[in-house]
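Let me begin by presenting the structure, written as structure tokens, before commenting on it.
2 protein chains.
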Amino acid sequence: MGVTKNDLFTKSQNEIALAAKAFAHPARIAILEFLLKSNSCINGDLVNELGLAQATISQHLRELKDIGIIQGTIEGTKVNYCINPSRWAEIKEKFNNIFNEYNSPSSNDCC
Amino acid sequence: MGVTKNDLFTKSQNEIALAAKAFAHPARIAILEFLLKSNSCINGDLVNELGLAQATISQHLRELKDIGIIQGTIEGTKVNYCINPSRWAEIKEKFNNIFNEYNSPSSNDCC
DNA sequence: TAAATATATCGCAATATTACGATATATTTT
DNA sequence: AAAATATATCGTAATATTGCGATATATTTA
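The structure is reproduced here in structure tokens:
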């Protein structure tokens with residue numbers, strides 16, 4: 002028990018759930034929002050900005066990188082992080098597909 | 002340790018993270034997708050459809066209801082669940098705002 | 001009213017996530 | 001080469017999530 006039964010669900014369902022995890026923690030939202038306005042940043046920028054420990058920020062960055070929504074390039078002793086354009090577009094489309102599949106009824110009393 | 006430091010983040014960041022949790026598990030994606038195509042359903046429908054135990058489905062439904070993305074109305078011994086139109090629109094907009102805030106560069110090498 | 005039907009909640013076990021200090025690694029500067 | 005700088009990883013503790021059997025609750029049917 003306690004382990005998600007991924008085999009019960011479709012590949013698509015598992016993929017969307019994985020992508021959603023990028024947004025499922027406020028620290029990761031903060032990181033993504035920071036990247037949206039600054040285009041790119043390093044771990045240290047985020048430590049100053051968010052007030053979480055360096056190890057914690059590094060861990061969140063790794064999760065975002067594992068999901069693929071950000072990428073990092075080494076520049077000397079620093080690592081420059083930015084959004085991964087193609088993966089961003091892919092995730093955006095997945096969510097749009099779900100959101101647009103719903104046709105809101107005229108009344109709020111749908112059930 | 003181990004507890005999310007919500008006080009470090011903005012109300013908006015915490016709200017988006019909360020909404021994202023609706024999508025962060027394949028069973029909840031499956032439930033939402035089932036509701037999108039069938040308009041409304043009861044707990045029992047989902048137990049047959051997904052292959053998870055009744056208690057587990059009930060738990061996921063409660064989470065979705067707590068987030069507000071679905072609503073349930075009692076009908077005899079059954080509870081009819083459906084998507085909450087206004088909340089759906091609200092969450093859709095939150096995500097669209099983030100997704101549209103990003104202007105993809107011409108090249109994939111942004112950093 | 002007893003049985004059937006449907007859902008919610010409780011309690012527990014297992015796994016996952018969050019957070020961070022300590023430490024390892026790797027590059028640049030002095 | 002030593003010191004400084006920046007990040008990643010390890011190990012650990014605490015909390016959260018997932019899943020389900022058992023049970024409670026509530027309505028409908030026989």
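Top line first, the protein sequences correspond to chains B and D.
Residues in the first sequence are numbered consecutively from 2, following this note's numbering.
Residues in the second sequence are numbered consecutively from 2, following this note's numbering.
By construction, the Cβ of each residue, glycine as well, lies at the ideal position given by its N, Cα and C atoms.
Task: Same chain only: Cβ atoms within 7 angstroms of L53 (chain D), ignoring 5 sequence neighbours per side - done: A28
Open item on the list: Excluding the 5 residues flanking F24 (chain D) on each side, which residues of the same chain have their C-beta closer than 8 angstroms to its C-beta?
Closed with: I30, L33
Task: S107 (chain D), DSSP secondary structure in three states - done: coil
Task: Segment limits, alpha helix (DSSP H) that includes E16 (chain B) - done: 12 to 22
Open item on the list: Which residue wins for smallest C-alpha separation from S107 (chain D), given the options B:F96, B:P86, B:K93, B:C112?
Closed with: B:P86
TODO: Give a yes or no on whether the minimum CB-CB distance between F35 (chain B) and chain D is below 8 angstroms.
DONE: no
Open item on the list: Residues of chain B with CB closer than 8 angstroms to the CB of A54 (chain D), please, in chain order.
Closed with: Within 8 angstroms Cβ-Cβ: nothing; A54 (chain D) doesn't reach chain B, min ~10 angstroms.
Task: Test item: CB-CB of F10 (chain D) and K93 (chain B) under 8 angstroms - done: no
- [ ] Note down, in chain order, every chain B residue with its Cβ under 7 angstroms from the Cβ of N15 (chain D).
- [x] P27
Open item on the list: Give me, in chain order, the residues of the same chain whose beta-carbon lies closer than 7 angstroms to that of L19 (chain D); leave out the 5 immediate sequence neighbours on both sides.
Closed with: I68
Task: Sequence-distant residues of the same chain with beta carbon closer than 6 angstroms to T74 (chain D), five excluded per side - done: N81
Open item on the list: By the three-class DSSP mapping on this structure, what secondary structure does A48 (chain D) have?
Closed with: The residue you asked about is not Ala; residue 48 (chain D) is Val in the sequence shown. Helix at V48 (chain D).
Open item on the list: Is there a Cβ of chain B sitting closer than 8 angstroms to that of L65 (chain D), yes or no?
Closed with: no
Task: Range of the contiguous alpha helix (DSSP H) that encloses T57 (chain D) - done: 55 to 68
- [ ] Check the DSSP bridge columns for K79 (chain D) and list the partner residues they point to.
- [x] D:E76
- [ ] Provide the residue span of the alpha helix (DSSP H) that contains N101 (chain D), from first to last.
- [x] 86 to 101
Task: Where I68 (chain D) meets chain B, residues with beta-carbon distance less than 9 angstroms - done: The premise fails here: I68 (chain D) is roughly 11 angstroms from chain B at the closest Cβ pair, so nothing lies under 9 angstroms.
TODO: Could you tell me which of B:E102, B:L62, B:G77 sits nearest to I84 (chain B), measuring between CA atoms?
DONE: B:L62
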